[in-house]
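**Q** Shown below is the structure under consideration.
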Amino acid sequence: MLLETTSGEAWFCCHHEKASGEYEGAAACRAVQETDPELSPEEKRVLERKLKKERKKEERKRLREAGTAVAQKPPARRSGAELALDYLCGWAQKHQDWRFQKTRQTWLLLHMYDSDKVPDKHFSTLLAYLEGLRGRARELTVQKAEALMQELDEAGAASPDPLLLEKTQRLRQVLQLLS
1 MLLETTSGEA WFCCHHEKAS GEYEGAAACR AVQETDPELS PEEKRVLERK
51 LKKERKKEER KRLREAGTAV AQKPPARRSG AELALDYLCG WAQKHQDWRF
101 QKTRQTWLLL HMYDSDKVPD KHFSTLLAYL EGLRGRAREL TVQKAEALMQ
151 ELDEAGAASP DPLLLEKTQR LRQVLQLLS
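Numbering (the UniProt record's numbering), first residue to last: 1 to 179.
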C-alpha cells in the first residue's frame with residue numbers, strides 16, 4: 001500500500017491495514033522517494049518493479065495464509081513447428097518486414113522432409129525459401145539430402161512404404177532445386 005506523507009515522501013507498506021485503520025508491521029515499512037527529483041527515470045522504473053514484486057509476494061503470502069492456493073498459469077508457449085511455419089509464412093507474405101532467424105531456419109531444414117511437421121501446403125513455400133539459401137547452409141543441405149537419398153534408396157528397395165515415397169519425392173525436389 002502506498003501512503004504519502006506531508007513532506008512529499010511516499011511510504012510503501014507491504015503489510016495489511018487492520019480494521020482499526022492502523023497498519024501491521026509499520027517498522028517493516030520503508031520510505032520511497034518517488035517525488036524526489038534526484039531519481040532518474042531508470043531508477044524509478046527499477047523501484048516500481050521492486051515494489052510490484054513485493055506486492056505480489058505479499059499477496060501470495062496472504063492467500064497462502066488464508067488457505068487459498070495460488071493458481072499458477074503456465075505461460076502459453078508455441079511449439080517450434082508453429083513458430084517455424086509462421087516464420088516461413090512471414091517470409092512469403094511480408095518479405096520487407098521479415099527478419100532472418102537462424103533457429104527457425106534450422107528447424108525448417110531439419111524437418112522439411114517430414115510431411116507431418118511441414119505440411120504439403122507449406123512445402124512449396126519452403127522450396128521458394130530454399131532458393132535463397134546461401135553459403136554453408138546450402139552446402140550442408142545438399143550433402144545431407146544426398147546422403148539421405150542414398151539411405152532411402154537402399155531402404156526403399158526392400159519395401160515400398162508410402163511415407164518413404166513421399167520423403168523421397170521431397171528429397172528429389174530439394175536436390176533438383178539446390179544442385
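Glycine residues also receive a C-beta, built at the ideal position from the N, C-alpha and C atoms.
Looking at C-beta atoms only, is the number of pairs between the segment 132-149 and the segment 168-176 that lie closer than 8 Å three or more?
**A** A contact exists between the segment 132-149 and the segment 168-176.
**Q** Please state the DSSP three-state secondary structure of LYS94.
**A** Coil at LYS94, not helix or strand.
**Q** So the candidates are LYS144, PRO75, LEU164, THR103; which of them puts its Cα closest to the Cα of ASP114?
**A** Cα-wise, what sits closest to ASP114 is LEU164.
**Q** Among GLN96, ASP86, PRO119, whose alpha-carbon lies nearest the alpha-carbon of THR103?
**A** Among GLN96, ASP86, PRO119, the Cα nearest to that of THR103 is on ASP86.
**Q** Here's the rule I'm using: 16 or more other beta-carbon atoms within 10 Å means buried, otherwise exposed. How should HIS95 be labelled?
**A** It is exposed - the Cβ of HIS95 has fewer than 16 other Cβ atoms within 10 Å.
**Q** Taking C-beta to C-beta, are ALA92 and ALA128 nearer than 9 Å?
**A** Contact flag set, yes.
**Q** Are LEU178 and ARG136 closer than 9 Å when you measure CB to CB?
**A** For LEU178 and ARG136, no; Cβs fall outside 9 Å.
**Q** Put ALA76 into one of helix, strand or coil per three-state DSSP.
**A** Coil, per DSSP.
**Q** CA-CA distance, LEU63 and LYS52?
**A** Cα to Cα, the separation comes out at about 16 Å.
**Q** Can you tell me whether LEU108 is buried or exposed, with buried defined as 16 or more other CB within 10 angstroms of its CB?
**A** Its Cβ being crowded by 16 or more others within 10 Å, LEU108 is buried.
**Q** Which of the three DSSP states, helix, strand or coil, is assigned to ARG62?
**A** DSSP places ARG62 in helix when its eight states are reduced to three.
**Q** Flag this pair as yes or no: are the beta carbons of THR125 and LEU88 separated by less than 9 Å?
**A** Going by C-beta atoms, THR125 is nearer than 9 Å to LEU88.
**Q** Provide the residue span of the alpha helix (DSSP H) that contains GLU166, from first to last.
**A** 162-178 is the extent of the alpha helix (DSSP H) around GLU166.
**Q** Taking the alpha helix (DSSP H) that ARG104 belongs to, which residues open and close that run?
**A** That run of the alpha helix (DSSP H) goes 102-111.
**Q** Classify LEU110 as buried or exposed, calling it buried when 16 or more other Cβ atoms lie within 10 Å of its own Cβ.
**A** It is exposed - the Cβ of LEU110 has fewer than 16 other Cβ atoms within 10 Å.
**Q** Pick helix, strand or coil for ARG134, following the three-state DSSP scheme.
**A** Coil at ARG134, not helix or strand.
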